[in-house]
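Structure first, commentary second.
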Ligand SMILES: NCCCC[C@H](N)C(=O)NCC(=O)O
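Residue numbers (the working numbering): 11 to 463.
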């Protein structure tokens, strides 16, 4: 997941470079950024859940890592000089002419990569659930997310420097570097598969059972049950609204800082990289806190409030007071928000969804989330273009309107967080309770106070 998250954001600090070098407009960049989720939204993620439940962690993990490598190589080819002047480029340039051929092919590669990345996300969650069942599962999930965030921090630090490495700036080197890391990631997963096989032999579990019992396997009829649950929709909408103001923002953040503070790509990325690192440091501690003290619903609300404050600062304060200190403070506070919400959200799902279809519930929440992650970068690209008529210099955009859109998403997410807390107080789902049952230290609380072990 470390290398996957690095690849996801390898282009984020290089938006202005790809616009200048390959003629991508902000709108093209938005389409490219949203492409990661298109196949998932079209149903691949639901299929991925079925494959995971039917074929098990080892097969699905290897498949997902291979998809990531394949998608990365396509994207590398699309931005490389080898692609320039080819028949494929002429053909791709000949239709939907506002989107350059290189952007179309890069977006296609990113679609394939995105299938692998989200499939890996649910596979890793299932693998953690299997290996840490009855132990510190929220802490383990927090650590896994922290490692992924470190990847984002690392790539925001490395990417602009790698781009400048050869003297003439190019996006090819950072993408080639991350593609090589993904190959190493594939090898790591194959190594993990051997360990997992040995673990199964030791514990006597079958290839796809993991932490689940047979009754937890994906059933098509469960989809209707999940979709008809009010709680599912509250959590899924909170998730899609919150994450749509985080990951799509991440794509534009470096350029937003460049435009407001008159910085080069490296300086902007050096400020932004503290967002994921703040989240990486805090998320495991919050997972540990949640395991022992609870307060999950309150953490969700608090995280949404912090996000609104930060996005409003970027929208309204930074353009009139272009201060690096203000930008840096807002970035750090956003990192705190990005620790609170993921640390509370994912371990809350078992409390409100029956353990029987928990895996499907996760995959469907990811699916709803992916709709937002797919559409919002595109929408923000269009809003950025529309709110900056006639601006051709990618360092002169005004980001007020796109940032207000992100802040509005935070307001809606806050509304769903409050609704969830009210329902929890009324119906006692246990969202404010610790995950570890104090009367049975090794047990993990699930819905209606049952323990999984
Ligand atoms: N491709 C980067 C987005 C990952 C989205 C993923 N579905 C997710 O929500 N992961 C959990 C997290 O907090 O990163």
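Note that the Cβ used here is the ideal one computed from N, Cα and C, for glycine as well.
| residue 100, buried or exposed, once every other Cβ within 10 Å from all chains shown has been counted against 16 | exposed
| request: In the DSSP assignment, find the alpha helix (DSSP H) that holds residue 112 and state where it starts and stops. | output: 111-141
| said: Under 7 Å: does the beta carbon of residue 127 sit that close to some heavy atom of ligand 1? | reply: yes
| message | Let's test the definition: count the other Cβ atoms within 10 Å of the Cβ of residue 240 and tell me whether it reaches 16, buried, or not, exposed. | response | exposed
| query | Just curious, the alpha helix (DSSP H) that residue 270 is in, first and last residue? | reply | 257-271
| If you draw a straight line from the C-alpha of residue 452 to the C-alpha of residue 442, how long is it? | Residue placement at residue 452 cannot be trusted, given a pLDDT of 43 that sits under 50; the coordinates are not used to answer.
| task | Leaving out five residues on either side along the sequence, give the residues of the same chain with a beta carbon under 7 Å from the beta carbon of residue 355. | result | Taken in chain order, the residues that qualify are 249, 310.
| So what does DSSP say about residue 446, is it helix, strand or coil? | strand
| said: Cutting at 6 Å between CB atoms, please list the residues of its own chain near residue 379, excluding the five before and the five after it. | reply: Taking C-beta separations shorter than 6 Å and ignoring five residues to either side along the sequence, the partners of residue 379 in its chain run 249, 250, 253, following chain order.
| request: Look up residue 232 in the DSSP assignment and say whether it is helix, strand or coil. | output: In this structure, residue 232 counts as helix in the three-state DSSP scheme.
| message | Relative to the C-alpha of residue 287, which candidate in 24, 434, 157 has its C-alpha closest? | response | Minimum Cα distance to residue 287 is reached at 157.
| task | Sort 164, 184, 25, 48 by Cα distance to residue 126 and report the nearest one. | result | 48
| query | With distances taken between CB atoms, is the gap from residue 337 to residue 328 smaller than 8 Å? | reply | yes
| query | Which residue from 184, 108, 119, 97 puts its Cα closest to that of residue 16? | reply | 184
| task | Just tell me which of 134, 149, 44 has its CA closest to the CA of residue 116. | result | 44
| Roughly how many angstroms lie between the CA atoms of residue 416 and residue 321, to the nearest whole one? | 7 Å
| message | Three or more C-beta pairs under 8 Å: does that hold for the stretch 173-184 against the stretch 291-308? | response | no
| Per-residue burial, residue 435 [other beta carbons within 10 Å of its own, 16 or more giving buried] | exposed
| Cβ neighbours of residue 27 in the same chain (closer than 7 Å, five flanking residues each side left out) | 173, 179, 181, 275
| query | Got a sec? Which residues, its chain only, sit under 7 Å from residue 341 by beta carbon, not counting five neighbours each side? | reply | 281, 282, 284, 285
| said: Quick test of the definition: if touching needs 3 or more C-beta pairs under 8 Å, does the stretch 21-35 touch the stretch 101-111? | reply: yes
| request: Kindly confirm or deny that the stretch 196-210 and the stretch 65-79 touch, where touching means at least three C-beta pairs closer than 8 Å. | output: yes
| N- and C-terminal bounds of the alpha helix (DSSP H) containing residue 341 | 334-362
| message | Rounding to the nearest angstrom, what Cα-Cα distance links residue 192 and residue 348 in this structure? | response | 25 Å
| Given residue 188, which residues of its chain have a CB within under 6 Å of its CB, disregarding the five upstream and five downstream residues? | 16, 17, 20
| task | Determine the closest residue to residue 190 out of 401, 425, 364, 79, with distance taken between C-alpha atoms. | result | 79
| field | Distance between residue 30 and residue 318 (C-alpha atoms, nearest Å) | value | Across the structure, residue 318 and residue 30 are spaced so that their CA atoms are roughly 32 Å apart.
| said: Does the beta-carbon of residue 36, which I'm using as the reference point, lie nearer than 7 Å to any heavy atom of ligand 1? | reply: Flag unset: Cβ of residue 36 not near ligand 1.
| query | Going by the C-beta, is residue 173 closer than 7 Å to any heavy atom of ligand 1? | reply | no
| query | If you count every other CB in all the chains shown that lies within 10 Å of the CB of residue 323, and 16 or more means buried, which is it? | reply | buried
| Top-ranked residue by Cα proximity to residue 372, from 305, 312, 400, 131 | Nearest option by C-alpha distance: 131.
| task | Go to residue 79, then tell me how far its alpha helix (DSSP H) extends in each direction, as first and last residue. | result | 55-89
| field | Of the listed residues 128, 302, 155, nearest to residue 81 (C-alpha basis) | value | 128
| task | May I ask whether a heavy atom of ligand 1 can be found less than 7 Å away from the beta carbon of residue 257? | result | yes
| Quick one: what does DSSP say residue 438 is sitting in, helix, strand or coil? | Three-state result, residue 438: coil.
| Nearest-angstrom beta carbon gap, residue 40 and residue 362 [assumed within contact, 8 Å] | No, residue 362 and residue 40 are not in contact; Cβ-Cβ is about 34 Å, not under 8 Å.
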